[in-house]
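Peer 1: Numbering (my numbering), first residue to last: 6 to 447. Attaching a single structure in structure tokens format; questions to follow.
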Ligand code: UGA
């Protein structure tokens, strides 16, 4: 099929390249000239495992092209909207200006029968608001939320664990004939995944929008739940990691996303729970998701807790002490530093007068742009040399698995390790002579 993808950030660039790899003819469109130049030249504008290979193959076969001109999207049967919906400046709500301008730009190229498939994470009700303008062109609007994780984006796009499509519905909630036709076209787009039994859920527009924010709100709540348990563990001497293992054996609970530590960040979870709460307020149902405020607060407190632990470990004050921060990205396998808990901890320590050195295998350039006041060192061991304390804040394998206490002891001045992700074997570090501090662990 001929497809267009409007917006080529983390979501759109991966979607475009993945769809081309399935045999579709795809054009990716973005207003950012540098990003399009990079993609058209076969260079991924961000770190995402597997993307460079897909770009190379798609460009070589001619099935993947890029443009800054939305008119080049004309002729595609399905147009995916994959622009960002960041947090609005000075507010909790989502900034929908990129979605609105993408739709406005797309309207003149739409033909009767085309399908517009929104993938951006939007407040519930957005699709209904956009539908009239799209339908006046004879095209149909659907909402097809995306659940990919950064760092696993190619895998998640090619082998999703479910595909959700919201379509126009009539009285009684059943899809309209036009909605069914649009869903049928998306079925063709995703034929490969559907062929191996991927669950396929056709619903109304509001449910599809809500599925996405509900999923992210649930994941954020799960993380903050275990971090709340970490806070209780800290005053009782309990160990939150053993607690997580024990409750996680219950299938109804599950162990995933029960990793206690400095909490969640990134371009999705934090802004999505805030936008959801803001939208619920607008709908007069603020109290229904009132717990999301607590989820956000617990999450932010854990960053402060990591800073406190470093202070405690260094005898009460960090001023003038050398602290090496392992990690800047909001999670491993990513160079994304948006709302990164790791960078937050590093900048707080710097603000308290510590001499902070930050290292990260992928995110240094992005981190330097948002926090230029910090010292960055690419080489891990160089960054660790002479440190009084080391803080692990992004659990890259280079820090969690491949750094032994024996090796670290040859580099640092002090013997202090603060494990902001509970990724290290506390007993092994203590046995090697380190003062080990975990999050919610004795
Ligand atoms: C998240 C969702 O997991 C995706 O399903 C969704 O599609 C995406 O947002 C989105 O809306 O686009 P992502 O932001 O890539 O994906 O990151 P996650 O893997 O969810 O991790 C989020 C944060 O939670 C990271 O900072 C991570 O370190 C933290 N985390 C994760 C924990 O603190 N503990 C855990 O147990 C798991």
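The beta carbon of each residue, even a glycine, is placed where N, CA and C say it ideally should be. Predicted model only: the values in this text are computed from it and were never measured.
#1: Out of 444, 308 and 401, which one is the CA nearest neighbour of residue 247?
#2: First and last residue of the beta strand (DSSP E) that includes residue 123?
#3: What is the DSSP secondary structure of residue 37, reduced to helix, strand or coil?
#4: So what's residue 195 in DSSP terms, helix, strand or just coil?
#5: Leaving out five residues on either side along the sequence, give the residues of the same chain with a beta carbon under 6 Å from the beta carbon of residue 238.
#6: Which residue marks the beginning of the alpha helix (DSSP H) containing residue 97, and which one marks its end?
#7: Are residue 143 and residue 117 close, meaning C-beta to C-beta below 8 Å?
#8: I need the DSSP call for residue 275, collapsed to helix, strand or coil.
#9: Could you give the distance in angstroms between the alpha-carbon of residue 217 and the alpha-carbon of residue 409?
#10: Where residue 43 and residue 373 are concerned, what is the direct C-alpha to C-alpha distance, given to the nearest angstrom?
#11: Output yes or no for whether 8 Å exceeds the beta carbon distance between residue 332 and residue 417.
#12: Comparing C-alpha positions only, which one of 110, 28, 367 and 46 sits nearest to residue 77?
#13: Tell me whether residue 229 sits in a helix, a strand or coil according to DSSP, three-state version.
#14: Leaving out the 5 sequence neighbours to the left and right, which residues in its chain are closer than 6 Å to residue 70 when beta-carbon positions are compared?
#15: Consider the C-beta atom of residue 17 and the heavy atoms of ligand 1; say whether any pair is separated by less than 7 Å.
#16: For residue 237, does the three-state DSSP call read helix, strand or coil?
#17: Measure the C-alpha to C-alpha separation of residue 88 and residue 127 and round it to an integer number of angstroms.
#18: I'd like the span of the alpha helix (DSSP H) that includes residue 61, first residue to last.
#19: Could you compute how far the alpha carbon of residue 268 sits from the alpha carbon of residue 182?
#20: How about residue 184 and residue 145: do their beta carbons lie closer than 8 Å?
#21: Let me check you understand the geometry: is the CB of residue 13 closer than 7 Å to at least one non-hydrogen atom of ligand 1?
#22: If distances are taken between C-alpha atoms only, which option among 161, 98, 312 and 302 comes closest to residue 349?
#23: So for residue 305, helix, strand or coil by DSSP?
#24: Compute the Euclidean distance between the alpha carbons of residue 397 and residue 345, then round it to the nearest angstrom.
#25: Between residue 163 and the rest of its own chain, which residues show a CB-CB distance below 6 Å, the 5 nearest in sequence each way excluded?
#26: Any chance the CB of residue 228 is under 7 Å from a heavy atom of ligand 1?
Peer 2: So, to answer that:
#1: 444
#2: Where residue 123 is concerned, the enclosing beta strand (DSSP E) stretches over 120-123.
#3: coil
#4: coil
#5: Taking C-beta separations shorter than 6 Å and ignoring five residues to either side along the sequence, the partners of residue 238 in its chain run 245 and 445, following chain order.
#6: First-last for residue 97: undefined, no H or E at that position.
#7: yes
#8: helix
#9: 40 Å
#10: If I take the Cα positions, the gap works out to 21 Å.
#11: no
#12: 110
#13: helix
#14: 32
#15: No, since every heavy atom of ligand 1 falls outside the 7 Å radius drawn around the Cβ of residue 17.
#16: Note: residue 237 maps to helix in three-state DSSP.
#17: Each residue's Cα considered, the two are about 10 Å apart.
#18: Start and end: 56-66.
#19: 45 Å
#20: yes
#21: no
#22: Closest option to residue 349, Cα to Cα, is 312.
#23: Residue 305 carries a helical assignment under DSSP once its states are collapsed to helix, strand and coil.
#24: 13 Å
#25: 23
#26: Yes, Cβ of residue 228 sits closer than 7 Å to a heavy atom of ligand 1.
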